[in-house]
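Visitor: Provided herewith is a single structure, encoded as structure tokens, for subsequent inquiry.
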Amino acid sequence: MEHLEIRDIQKSFGSNRVLDGVNFSTEKGEFVSLLGPSGSGKSTLFRMIGGISSPSSGDVLLEGNSIKNHPGSVSYTPQTPSLMPWRSILDNVLLGQEISGKKDEEMAAQMLERAGLSGFEQAYPHELSGGMKQRVSFIRSILSPQPLILLDEPFSALDEFTRTDMQKWLLSMWSEHQRSILFVTHNIEEAIFLSDRVIVLSQRPAKVIKEFEIPFERPRKEEILLSEEFLYMKKDIYQEMRSSHASANY
Amino acid sequence: MRKWIELGWRPLLVITLLFIVWEVCISFFDVPDWLLPAPSQIFGLMISDWTNYSHHVFSTVELVLIGFVIGSSVGVIVAISLHLVPFLKQSMYPLLILSQNIPVIVLAPLLVIWFGFGILPKIIVITLVCFFPIAIALLDGFRRTDRDLMHYMKMAGATKKQIFWKLEWPHALPSLFSGLKISATYSVMGAVISEWLGASEGIGVYMTLASSSFRTDRVFVAIFIIVALSLLFFLLIMWLEKMTIRWQASEEGDSHGTSRNS
Ligand SMILES: Nc1ncnc2c1ncn2[C@@H]1O[C@H](COP(=O)(O)OP(=O)(O)OP(=O)(O)O)[C@@H](O)[C@H]1O
Ligand SMILES: [Mg+2]
Numbered sequence: 462m463e464h465l466e467i468r469d470i471q472k473s474f475g476s477n478r479v480l481d482g483v484n485f486s487t488e489k490g491e492f493v494s495l496l497g498p499s500g501s502g503k504s505t506l507f508r509m510i511g512g513i514s515s516p517s518s519g520d521v522l523l524e525g526n527s528i529k530n531h532p533g534s535v536s537y538t539p540q541t542p543s544l545m546p547w548r549s550i551l552d553n554v555l556l557g558q559e560i561s562g563k564k565d566e567e568m569a570a571q572m573l574e575r576a577g578l579s580g581f582e583q584a585y586p587h588e589l590s591g592g593m594k595q596r597v598s599f600i601r602s603i604l605s606p607q608p609l610i611l612l613d614e615p616f617s618a619l620d621e622f623t624r625t626d627m628q629k630w631l632l633s634m635w636s637e638h639q640r641s642i643l644f645v646t647h648n649i650e651e652a653i654f655l656s657d658r659v660i661v662l663s664q665r666p667a668k669v670i671k672e673f674e675i676p677f678e679r680p681r682k683e684e685i686l687l688s689e690e691f692l693y694m695k696k697d698i699y700q701e702m703r704s705s706h707a708s709a710n711y
Numbered sequence: 162m163r164k165w166i167e168l169g170w171r172p173l174l175v176i177t178l179l180f181i182v183w184e185v186c187i188s189f190f191d192v193p194d195w196l197l198p199a200p201s202q203i204f205g206l207m208i209s210d211w212t213n214y215s216h217h218v219f220s221t222v223e224l225v226l227i228g229f230v231i232g233s234s235v236g237v238i239v240a241i242s243l244h245l246v247p248f249l250k251q252s253m254y255p256l257l258i259l260s261q262n263i264p265v266i267v268l269a270p271l272l273v274i275w276f277g278f279g280i281l282p283k284i285i286v287i288t289l290v291c292f293f294p295i296a297i298a299l300l301d302g303f304r305r306t307d308r309d310l311m312h313y314m315k316m317a318g319a320t321k322k323q324i325f326w327k328l329e330w331p332h333a334l335p336s337l338f339s340g341l342k343i344s345a346t347y348s349v350m351g352a353v354i355s356e357w358l359g360a361s362e363g364i365g366v367y368m369t370l371a372s373s374s375f376r377t378d379r380v381f382v383a384i385f386i387i388v389a390l391s392l393l394f395f396l397l398i399m400w401l402e403k404m405t406i407r408w409q410a411s412e413e414g415d416s417h418g419t420s421r422n423s
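Protein sequence lines correspond, in order, to chains V and R.
If you count the first sequence from 1, position 127 lands on 588 in the working numbering, and the numbers rise without skipping.
If you count the second sequence from 1, position 151 lands on 312 in the working numbering, and the numbers rise without skipping.
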């Protein structure tokens with residue numbers, strides 16, 4: 462069953478055409494990555510799925526219902542960790558639940574512990590490293606009641622090793638909690654390693670150029686990053702992006 | 162406490178040096194008392210005359226406290242209503258600035274004519290000088306709410322009320338305190354000015370009596386007390402700020418290690 466459906470979304474800011482008929486859909490429980498160059502409108506698309514920005518035309522459907530201009534239907538993790546500096550870590554991860562009604566502190570404390578953050582429940586965000594903040598931000602999303610999670614380049618500010626650790630951690634959380642995830646990145650390797658499907662967007666004005674099914678079986682190990690199949694996949698996607706880049710007039 | 166001493170010794174040293182230079186100049190040039198008394202004389206009088214003027218000090222402190230609480234409440238209420246109702250902001254913001262262009266010295270006698278010699282005109286004067294820095298600082302704090310957090314709140318389906326109490330208000334607290342600190346010092350000046358209008362006691366009254374009887378030394382006692390009170394109020398607000406805002410990074414750390422913009 463189609464979980465999220467993006468129908469022919471167009472968006473312009475004045476004369477700046479950002480999205481030019483974006484179409485795709487995701488299934489329940491699926492991990493889908495949106496891969497696109499910087500400035501192609503990925504964050505803009507997320508804001509429209511989140512219902513806080515309205516498309517010039519087109520529609521966004523979640524389980525068959527339009528969620529255009531209807532915030533609160535998805536859980537969103539912004540591009541920066543965006544924790545509230547005046548809230549303790551525990552209160553920060555509870556924010557999503559607080560907004561929608563019921564708090565479950567025990568569950569929150571448990572998840573923090575599983576993320577290696579035990580002892581930091583009462584700390585403030587400024588006492589945490591960048592990677593820790595990202596984990597907190599993601600736990601906040603998972604604890605929110607919405608079935609679809611949007612992640613906007615959550616790991617782009619981390620170093621290579623931390624990033625790989627975080628990716629593995631994210632996959633384990635995802636398989637455990639059975640949510641649908643829509644993940645934005647401009648890192649090809651990251652998209653392949655994490656996703657069931659990778660959707661490639663063109664340069665601005667953005668369109669879907671191609672979708673790639675990622676066949677690697679789960680749970681995925683770090684070793685597949687170096688396998689031949691993986692590198693072929695990466696090359697395919699790279700060429701696809703490269704050709705779209707060349708055809709844009711810059 | 163040690164930190165306070167570490168931070169405080171430099172200004173203290175400067176002030177002490179200033180007093181020493183002042184003292185030396187007075188005796189060297191043989192300046193008469195009624196023109197400019199020496200610091201030692203002023204401090205001496207401050208101690209010996211305490212029983213004569215202490216009730217003035219207490220009366221002023223009381224007035225400042227009442228006026229400051231009312232003035233800052235007005236400032237906070239004005240800021241919140243202008244922020245939540247865009248129409249009010251557009252129509253009232255210029256008026257807000259206009260209110261600061263009326264010289265208090267001119268307005269004060271009028272207030273006495275309208276409201277008599279009671280406490281009301283005095284509170285109005287203090288409120289007028291107090292509310293403005295608070296309203297402006299708080300409005301600025303609201304305006305600068307973090308954009309990513311705002312997006313998060315909206316996408317999570319937060320109501321306007323939730324956005325205000327969970328995001329905008331706590332975000333603006335540091336700005337509120339900058340406004341409160343300015344107003345705290347203004348409120349002492351405001352109280353003294355309002356006492357000049359006509360009051361039975363207060364530092365302002367003590368000062369008027371002193372200057373009309375050419376007791377320059379007492380005028381200086383009054384000035385020193387006003388300065389000390391202002392400083393005390395300022396420190397009090399600073400302490401309150403420290404108690405309220407516990408989440409800010411210490412000086413060594415920076416608070417946003419990995420923030421980047423899209
Ligand atoms: N509120 C806005 N008003 C005007 N233009 C906007 C606005 N938001 C985004 N844009 C424009 O839309 C385009 C896409 O921006 P967006 O942030 O969605 O890109 P992105 O794909 O997320 O890039 P990155 O990978 O660097 O985060 C940019 O050209 C930007 O200038
Ligand atoms: Mg972006």
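A virtual CB, placed ideally from N, CA and C, is assigned to each residue, including glycine.
This one's a predicted model, so the numbers in the text were calculated from it and none came from an experiment.
Between the C-alpha atoms of S348/R and G340/R, what's the straight-line distance to the nearest angstrom?
Guide: Translated into positions along the second sequence, residue 348/R becomes position 187. Translated into positions along the second sequence, residue 340/R becomes position 179. Taking the straight line joining both Cα atoms gives about 12 angstroms.
Visitor: Could you work out which residues of chain R lie near W547/V, taking near to mean beta carbons separated by less than 7 angstroms?
Guide: Walking along the first sequence from the start, residue 547/V turns up at place 86. Going along chain R in sequence order, the residues near W547/V (Cβ under 7 angstroms) are P331, W408.
Visitor: For ligand 1, is there a heavy atom less than 7 angstroms away from the beta-carbon of S534/V?
Guide: As a first step, residue 534/V is located in the first sequence; it is residue number 73 there, counting from the start. False, no ligand heavy atom lies under 7 angstroms from that Cβ.
Visitor: Taking 7 angstroms as the line, does the beta carbon of S504/V fall inside it for any heavy atom of ligand 2?
Guide: Reading the first sequence from its first residue, position 43 is the one you call residue 504/V. For ligand 2, at least one heavy atom lies less than 7 angstroms from the Cβ of S504/V.
Visitor: Quick check: what's the CA-CA separation for R468/V versus G525/V?
Guide: As a working note, residue 468/V is residue 7 in the first sequence. As a working note, residue 525/V is residue 64 in the first sequence. Approximately 12 angstroms, taken between the alpha carbons.
Visitor: Closer than 7 angstroms between beta carbons: that is the criterion. Which residues of the region 314 to 325 of chain R meet it against chain V?
Guide: Residues K315, M316, A317, G318, A319, Q323.
Visitor: Could you please give me the residues that DSSP links to A667/V through a beta bridge?
Guide: As a position in the first sequence, residue 667/V is number 206, starting the count at 1. Note: A667/V sits in a beta bridge opposite L480/V.
Visitor: Which residues, taken in chain order from the region 299 to 311 of chain R, show a beta carbon closer than 8 angstroms to some beta carbon of chain V?
Guide: From the region 299 to 311 of chain R, only D307, D309, L310 have a Cβ closer than 8 angstroms to chain V.
Visitor: Give a yes or no on whether the C-beta atoms belonging to S336/R and D301/R are separated by under 8 angstroms.
Guide: Reading the second sequence from its first residue, position 175 is the one you call residue 336/R. Reading the second sequence from its first residue, position 140 is the one you call residue 301/R. Yes.
Visitor: Bridge partners of S526/V, per DSSP?
Guide: Residue numbering aside, residue 526/V sits at position 65 when the first sequence is read from its first letter. The sequence given here places Asn at residue 526/V; Ser does not occur at that position. L523/V, per the DSSP bridge assignment.
Visitor: If you draw a straight line from the C-alpha of E466/V to the C-alpha of T405/R, how long is it?
Guide: Taking the first residue of the first sequence as position 1, residue 466/V is located at position 5. Taking the first residue of the second sequence as position 1, residue 405/R is located at position 244. Cα to Cα, the separation comes out at about 46 angstroms.
Visitor: Which same chain residues end up closer than 7 angstroms to I600/V when comparing Cβ atoms and leaving out the 5 residues on each side of it in sequence?
Guide: By one-based count along the first sequence, residue 600/V stands at place 139. V554, M572, L573, A576, listed in sequence order.
Visitor: So which of K629/V, P539/V, H647/V has the shortest CA-CA distance to G511/V?
Guide: On the first sequence, residue 511/V is found 50 positions in, with the first residue counted as 1. Here the closest residue by C-alpha is P539/V.
Visitor: Looking only at its chain, what residues have a beta carbon closer than 6 angstroms to the beta carbon of S605/V, apart from the 5 residues adjacent to it on each side?
Guide: Indexing the first sequence from 1 puts residue 605/V at position 144. Excluding positions up to five away in sequence, the list reads S536, G557.
Visitor: Per DSSP, what kind of secondary structure is V246/R in: helix, strand or coil?
Guide: Counted from its first residue, the second sequence places residue 246/R at position 85. In the structure shown, V246/R sits in coil (DSSP, three-state: anything other than H, G, I, E or B).
Visitor: Could you check the C-alpha separation between D415/R and G591/V for me, to the nearest Å?
Guide: For this step, residue 415/R is matched to residue 254 along the second sequence. For this step, residue 591/V is matched to residue 130 along the first sequence. Residue placement at D415/R is flagged as unreliable, the pLDDT there being 44, under the threshold of 50; the coordinate-derived value follows with that caveat. Taking the straight line joining both Cα atoms gives about 12 angstroms.
Visitor: Between W195/R and T377/R, how many whole angstroms is the CB-CB distance? I'm expecting something under 8 angstroms.
Guide: Here the question's residue 195/R lines up with position 34 in the second sequence. Here the question's residue 377/R lines up with position 216 in the second sequence. 5 angstroms between Cβ atoms; contact.
Visitor: Rounded to whole angstroms, what's the CA-CA distance from L589/V to N213/R? Just pull it up for me.
Guide: On the first sequence, position 128 is the one that residue 589/V refers to. On the second sequence, position 52 is the one that residue 213/R refers to. Taking the straight line from one Cα to the other gives about 57 angstroms.
Visitor: Provide the residue span of the alpha helix (DSSP H) that contains R304/R, from first to last.
Guide: For this step, residue 304/R is matched to residue 143 along the second sequence. Its alpha helix (DSSP H) spans residues 280 to 304.
Visitor: For the candidate residues K695/V, E683/V, W630/V, R665/V, whose alpha-carbon lies nearest to that of G482/V?
Guide: Taking the first sequence and counting its residues from 1, one reaches residue 482/V at position 21. Answer by Cα proximity: R665/V.
Visitor: Going by C-alpha to C-alpha distance, which of F677/V, H531/V, I660/V sits closest to V669/V?
Guide: Locating residue 669/V in the first sequence gives position 208, where the first residue counts as 1. Looking at the Cα atoms, I660/V is the closest of the given residues.
Visitor: Going by other Cβ atoms of all chains shown within 10 Å of its Cβ, with 16 needed for buried, is F394/R buried or exposed?
Guide: Working through the second sequence from its first residue, we reach residue 394/R at position 233. It is buried - the Cβ of F394/R has at least 16 other Cβ atoms within 10 Å.
Visitor: Mind checking whether the beta-carbon of E651/V lies closer than 7 angstroms to any heavy atom of ligand 2?
Guide: To locate residue 651/V, count along the first sequence from 1; it is residue 190. Every heavy atom of ligand 2 is 7 angstroms or more from the Cβ of E651/V, so no.
Visitor: Along chain R, which residues have their Cβ under 8 angstroms away from the Cβ of Q471/V?
Guide: Residue numbering aside, residue 471/V sits at position 10 when the first sequence is read from its first letter. The premise fails here: Q471/V is roughly 20 angstroms from chain R at the closest Cβ pair, so nothing lies under 8 angstroms.
Visitor: Would a C-beta distance cut-off of 8 angstroms place D613/V and V645/V closer than the cut-off?
Guide: Walking along the first sequence from the start, residue 613/V turns up at place 152. Walking along the first sequence from the start, residue 645/V turns up at place 184. Yes; because the gap between Cβ atoms is below 8 angstroms, this pair is in contact.
Visitor: Thinking C-beta only, is R640/V closer than 8 angstroms to I675/V?
Guide: If you number the first sequence from 1, residue 675/V lands on position 214. If you number the first sequence from 1, residue 640/V lands on position 179. No. Outside cutoff.
Visitor: Could you name the residues of chain R that V535/V contacts, counting a contact when the two beta carbons are closer than 8 angstroms?
Guide: Locating residue 535/V in the first sequence gives position 74, where the first residue counts as 1. Under the 8 angstroms cutoff, chain R gives M316.
Visitor: Give a yes or no on contact between the region 650 to 657 of chain V and the region 489 to 503 of chain V, applying the rule of three or more CB pairs nearer than 8 angstroms.
Guide: Yes, since at least three Cβ pairs between the region 650 to 657 of chain V and the region 489 to 503 of chain V fall closer than 8 angstroms, the two stretches touch.
Visitor: With a 10 Å radius around its C-beta and 16 neighbouring C-beta atoms as the bar for buried, classify Q251/R as buried or exposed.
Guide: Position 90 of the second sequence, counted from the start, is the residue given in the question as residue 251/R. It is exposed - the Cβ of Q251/R has fewer than 16 other Cβ atoms within 10 Å.
Visitor: Does the separation of the CB atoms of P264/R and L358/R fall below 8 angstroms?
Guide: Within the second sequence, the letter at position 103 stands for residue 264/R. Within the second sequence, the letter at position 197 stands for residue 358/R. Against a cut-off of 8 angstroms, the Cβ pair of L358/R and P264/R comes out as no contact.
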